[in-house]
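Visitor: One line per chain: the protein sequences are A and B, in this order. Start counting the first sequence at 0; every next residue gets the next number (numbering that gives the first Met the number 0). Start counting the second sequence at 0; every next residue gets the next number (numbering that gives the first Met the number 0).
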Amino acid sequence: MEIVAILRIAMRALARNKMRSALTMLGIIIGVAAVIAMVSVGQGAQAQAQQQIAAMGSNMLFVGSGTISRGGMHMGWGATKTLIYEDEQAIVRECPAVKAAAPGATASAQVVFGNDNWNTRVNGTEPQYFDIRTWAFQEGASFSQADGESVANVAVIGETVRKNLFGATDPLGQTMRINNLPFKVVGVLVTKGTSAAGGDDQDDNIFVPITTLQKKITGQPWLRWIIVSAVSRQGSYIAQQQIASLLRDRHRIRPGSDDDFFVRNLADMADLADQQSRLFTVLLASIASISLIVGGIGIMNIMLVSVTERTREIGIRMAIGATEGDVQQQFLIEAIVLSLIGGGIGIAIGIGVSYLITQTLGWPVLVSTTAIAAAALFSGAVGIFFGFYPARKAARLDPIEALRYE
Amino acid sequence: MATISQPDTHPAQAPATNAIIRVADAHKYYELGETRVHALRGVNVEIHRGEFVAIMGASGSGKSTFMNIVGCLDTLSSGEYFLEEIDVQRFSKKDLASIRNKKIGFVFQGFNLLSRTTALENVELPTLYAHITHAEGQRRAHEALELVGLGERKLHYPSQLSGGQQQRVAIARALVNRPAILLADEPTGNLDSRTSVEIMDVFQNLNLGGLTVVLVTHEPDISQFATRTIEFRDGRIRHDTPVKNRPLASEVLKNLPTLED
Ligand SMILES: Nc1ncnc2c1ncn2[C@@H]1O[C@H](COP(=O)(O)OP(=O)(O)OP(=O)(O)O)[C@@H](O)[C@H]1O
Ligand SMILES: [Mg+2]
Numbered sequence: 000m001e002i003v004a005i006l007r008i009a010m011r012a013l014a015r016n017k018m019r020s021a022l023t024m025l026g027i028i029i030g031v032a033a034v035i036a037m038v039s040v041g042q043g044a045q046a047q048a049q050q051q052i053a054a055m056g057s058n059m060l061f062v063g064s065g066t067i068s069r070g071g072m073h074m075g076w077g078a079t080k081t082l083i084y085e086d087e088q089a090i091v092r093e094c095p096a097v098k099a100a101a102p103g104a105t106a107s108a109q110v111v112f113g114n115d116n117w118n119t120r121v122n123g124t125e126p127q128y129f130d131i132r133t134w135a136f137q138e139g140a141s142f143s144q145a146d147g148e149s150v151a152n153v154a155v156i157g158e159t160v161r162k163n164l165f166g167a168t169d170p171l172g173q174t175m176r177i178n179n180l181p182f183k184v185v186g187v188l189v190t191k192g193t194s195a196a197g198g199d200d201q202d203d204n205i206f207v208p209i210t211t212l213q214k215k216i217t218g219q220p221w222l223r224w225i226i227v228s229a230v231s232r233q234g235s236y237i238a239q240q241q242i243a244s245l246l247r248d249r250h251r252i253r254p255g256s257d258d259d260f261f262v263r264n265l266a267d268m269a270d271l272a273d274q275q276s277r278l279f280t281v282l283l284a285s286i287a288s289i290s291l292i293v294g295g296i297g298i299m300n301i302m303l304v305s306v307t308e309r310t311r312e313i314g315i316r317m318a319i320g321a322t323e324g325d326v327q328q329q330f331l332i333e334a335i336v337l338s339l340i341g342g343g344i345g346i347a348i349g350i351g352v353s354y355l356i357t358q359t360l361g362w363p364v365l366v367s368t369t370a371i372a373a374a375a376l377f378s379g380a381v382g383i384f385f386g387f388y389p390a391r392k393a394a395r396l397d398p399i400e401a402l403r404y405e
Numbered sequence: 000m001a002t003i004s005q006p007d008t009h010p011a012q013a014p015a016t017n018a019i020i021r022v023a024d025a026h027k028y029y030e031l032g033e034t035r036v037h038a039l040r041g042v043n044v045e046i047h048r049g050e051f052v053a054i055m056g057a058s059g060s061g062k063s064t065f066m067n068i069v070g071c072l073d074t075l076s077s078g079e080y081f082l083e084e085i086d087v088q089r090f091s092k093k094d095l096a097s098i099r100n101k102k103i104g105f106v107f108q109g110f111n112l113l114s115r116t117t118a119l120e121n122v123e124l125p126t127l128y129a130h131i132t133h134a135e136g137q138r139r140a141h142e143a144l145e146l147v148g149l150g151e152r153k154l155h156y157p158s159q160l161s162g163g164q165q166q167r168v169a170i171a172r173a174l175v176n177r178p179a180i181l182l183a184d185e186p187t188g189n190l191d192s193r194t195s196v197e198i199m200d201v202f203q204n205l206n207l208g209g210l211t212v213v214l215v216t217h218e219p220d221i222s223q224f225a226t227r228t229i230e231f232r233d234g235r236i237r238h239d240t241p242v243k244n245r246p247l248a249s250e251v252l253k254n255l256p257t258l259e260d
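1. I need the DSSP call for residue 138(B), collapsed to helix, strand or coil.
2. Check each candidate in 139(A), 327(A), 405(A), 339(A) and name the one with the smallest Cα separation from residue 389(A).
3. For the alpha helix (DSSP H) containing residue 220(B), name the first residue and the last one.
4. What number of angstroms, rounded off, separates the C-alpha of residue 279(A) from the C-alpha of residue 313(A)?
5. Can you check which of these residues, 235(B), 98(B), 104(B), 245(B), is closest to residue 170(B) by C-alpha distance?
6. Does the beta-carbon of residue 141(A) have 16 or more other beta-carbons within 10 angstroms, so that it is buried, or is it exposed?
7. Would you check whether ligand 2 has a heavy atom nearer than 7 Å to the C-beta of residue 62(B)?
8. Cβ closer than 7 Å: which chain A residues qualify as neighbours of residue 73(B)?
9. Is any non-hydrogen atom of ligand 1 found closer than 7 Å to the C-beta of residue 36(B), if you look at the structure I gave you?
10. Name, going along the chain, the residues of the region 378 to 402 of chain A whose beta-carbon falls closer than 9 Å to a beta-carbon of chain B.
11. Shorter than 8 Å from the beta carbon of residue 9(A) to some beta carbon of chain B?
12. Below 8 Å, can you find three or more Cβ-Cβ pairs linking the region 216 to 228 of chain B to the region 42 to 51 of chain B?
13. Please report the distance separating the alpha-carbon of residue 235(A) from that of residue 95(A).
14. Could you tell me whether any Cβ in chain B is nearer than 8 Å to the Cβ of residue 18(A)?
15. Using beta-carbon positions only, say whether residue 332(A) and residue 35(A) come within less than 8 Å of one another.
16. Where does the unbroken alpha helix (DSSP H) through residue 60(A) begin, and where does it stop?
17. Under the three-state reduction of DSSP, which class applies to residue 108(B): helix, strand or coil?
18. What is the DSSP secondary structure of residue 0(B), reduced to helix, strand or coil?
19. Ligand 3 and residue 73(B): does the residue's C-beta get closer than 7 Å to at least one heavy atom of that ligand?
20. Under 7 Å: does the beta carbon of residue 86(B) sit that close to some heavy atom of ligand 2?
21. In three-state DSSP terms, what is residue 57(B)?
22. Do you know how far the Cα of residue 85(B) is from the Cα of residue 6(A)?
23. Going along chain A, which residues have a C-beta under 8 Å from residue 189(B)?
24. State the beta-bridge partners of residue 228(A) as determined by DSSP.
25. Which one of 377(A), 127(A), 172(A), 126(A) has the shortest CA to CA distance from residue 340(A)?
26. Going by beta-carbon coordinates alone, are residue 320(A) and residue 97(B) separated by less than 8 Å?
27. Give the DSSP-derived three-state secondary structure of residue 82(B) in the structure shown.
28. Identify every residue that forms a DSSP beta bridge with residue 109(A).
29. Under 8 Å between C-beta atoms, does residue 322(A) make it to chain B?
30. What residues from the region 86 to 99 of chain B come within 7 Å of chain A, judged by C-beta to C-beta, listed N to C?
31. Thinking C-beta only, is residue 231(B) closer than 8 Å to residue 56(B)?
32. Please state whether the Cβ-Cβ distance between residue 61(A) and residue 226(A) is less than 8 Å.
33. Alpha carbon to alpha carbon, how far is residue 127(B) from residue 205(B)? Give it in angstroms, no decimals.
34. Taking the alpha-carbon positions, what's the residue 246(B) to residue 404(A) distance?
35. Please check the pair residue 174(B) and residue 143(B), which I expect to be a contact at CB under 8 Å, by giving their CB distance rounded to whole angstroms.
36. Would you say the beta carbon of residue 56(B) comes nearer than 7 Å to a heavy atom of ligand 1?
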């Protein structure tokens, strides 16, 4: 039988019950649209994470005090008090793969300006911190090395702090109070958005000289972190090893004992974020494909009903010379046409929804062509898989009984 | 697709008769759980090219069973069936479908047309399975409809046609692939007497054109239009008699009142 004739018969059979065909397709439409939208969202999230990591600074390493789950013991970041200012100095001095480093400690504090107050994080560091993180100023500049030496009450604020504390007022040169101490605002950072790693707002930070933080706010000599930039991307892996062995030396950690610090490479973090978002994508896609399977079951159900309803037609076709193969082919193609049309509509809706979601979240729009191709293929496969049994059932009918069927 | 070719290694080779249908010692059982229905109990018959056979008999005597066997819709439990001297018993389902398509035309009591499909498309249906071009199929469908006198109603749907007209469409469909035999199981069972005679006129004309026709009927009047009547009883043939003085349906129609009167 010619394929054109088969397709014509299939289209006509589907057109006969327009509402039923449309409802049957709905399952496939939703399934395909969901797969495409979910994959697009997942890939958008992935691209977004990569952008954020790139925004953290190039060739960057992060040294923190404490350990991250090693040897059964789990101690969080900053749980040990081991990292000191001299460690940072030694890293710059003794690790050839390190270009620059900045020390850091953090405290949370209540900040007041006029009638407004804001709870935020106050970080102590040195001016090169902003270079390492390639973080620019929208207004003013960083405090100086001299400010650090003189333990000056000067501060650099992030955009979130500016917005919440100063509103319309120009913060530059204004004096705010951190834990009741007056600080002069010398710089306002450009916005950097949410961090890829922790997901917290990087603009909700205040930076002061490390000496000022240690002596006037926390009263403690410990560092919570050291931020390091390596000489090159490749160099960041070498720097990671150099820093680790240097710090083990300096902290007199015997071979076999756990580190009391951790060194994280941004390249690793990028990989990790990549891995996580890929997992996320797969998860979303598999949830969505369940609805595709449900849609397939809908097709099977309707095809079974259709075979029963058209028993007499099948009998007539067999009596005038249709083989089992002809009958099977006819019903199979009907199921495939049903699922492919559903798939086509689903693709269109899926692309639309992808644009809508990514645009709303401000992510890069990535409508995956692979996902579209896969969805098209998959919907065809659903048609074949779930159409096969009803088609087989139709083909196996006995022509005499089928002709007698009322 | 299988063509009807003579199996070359059959022990009981075809005898010298020139029968288009030859059934010998045919038995058909239906197993219904514990009980066995013996529908055909040793049927022997030969039908020759150009004959017009009417099959009569009480309900349940095995007429439809016989027709289904002859029409290759069903197979014998035991016995032999030769169609054009070819042993059909040995064919696969696929080959039987091909025989039904090319060698046999079926007409049913209930017309069995596809609703929501025009007369022309109904008639065209067998050509779709016949491996001929669409154009050729169309041409034959038009021709067959003209032949049964429905040239004016080609695009009508079955619901827009009278019973007699629907049966003509069914006859056209049965003829479209130019079969060797036309089988009709109670084709006039759902029709009034005048329309029945009209249908018999169609059959008689086809038969005069050389087509072999086998039909089942309950009505003795109808059976008289054939050239030979066979009577079934309890799965066997009881009488097999030629028809003497057979009337021409076209003549009978002239003496029947038309609907318009
Ligand atoms: N599929 C079947 N299963 C079981 N028994 C059957 C089947 N088909 C027919 N029979 C039985 O076989 C016998 C012959 O049936 P058949 O249909 O050939 O009769 P018939 O002569 O055509 O009768 P009618 O004039 O009523 O159409 C009957 O007893 C019937 O009950
Ligand atoms: Mg019968």
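Think of the CB as a built atom: it goes at the ideal place given N, C-alpha and C, for glycine as much as any other residue.
Guide: On the basis of the data shown:
1. In the three-state scheme derived from DSSP, where H, G and I count as helix and E and B as strand, residue 138(B) is classed as helix.
2. 327(A)
3. Element bounds for residue 220(B): 219 to 222.
4. Using only the alpha carbons, I get a separation of about 48 Å.
5. 104(B)
6. buried
7. yes
8. 399
9. yes
10. Answer in chain order: 397, 398, 399, 402.
11. Residue-level contact check: residue 9(A) does not touch chain B, since none of the beta carbons of chain B fall below 8 Å from its beta carbon.
12. Result yes; three or more Cβ-Cβ pairs closer than 8 Å.
13. 11 Å
14. no
15. no
16. Bounds of any alpha helix (DSSP H) do not take in residue 60(A); it lies within the beta strand (DSSP E) bounded by 59 to 64.
17. coil
18. At residue 0(B), the pLDDT of 42 sits below 50, so the modelled position is not reliable; the number obtained from the coordinates is stated separately. Residue 0(B): coil per DSSP, three-state reduction.
19. The ligand content of the structure shown is limited to ligand 1 and ligand 2, which means ligand 3 is not among them.
20. no
21. DSSP places residue 57(B) in coil when its eight states are reduced to three.
22. Roughly 36 Å between the two C-alpha positions.
23. In chain order: nothing, as chain A lies at least about 14 Å away.
24. Partner(s): 59(A), 99(A).
25. 377(A)
26. The beta carbons of residue 320(A) and residue 97(B) sit closer together than 8 Å.
27. When DSSP states are grouped into helix, strand and coil, residue 82(B) belongs to the strand group.
28. 118(A)
29. yes
30. 92, 93, 96, 97, 99
31. yes
32. yes
33. 23 Å
34. 36 Å
35. Confirmed, about 5 Å.
36. yes
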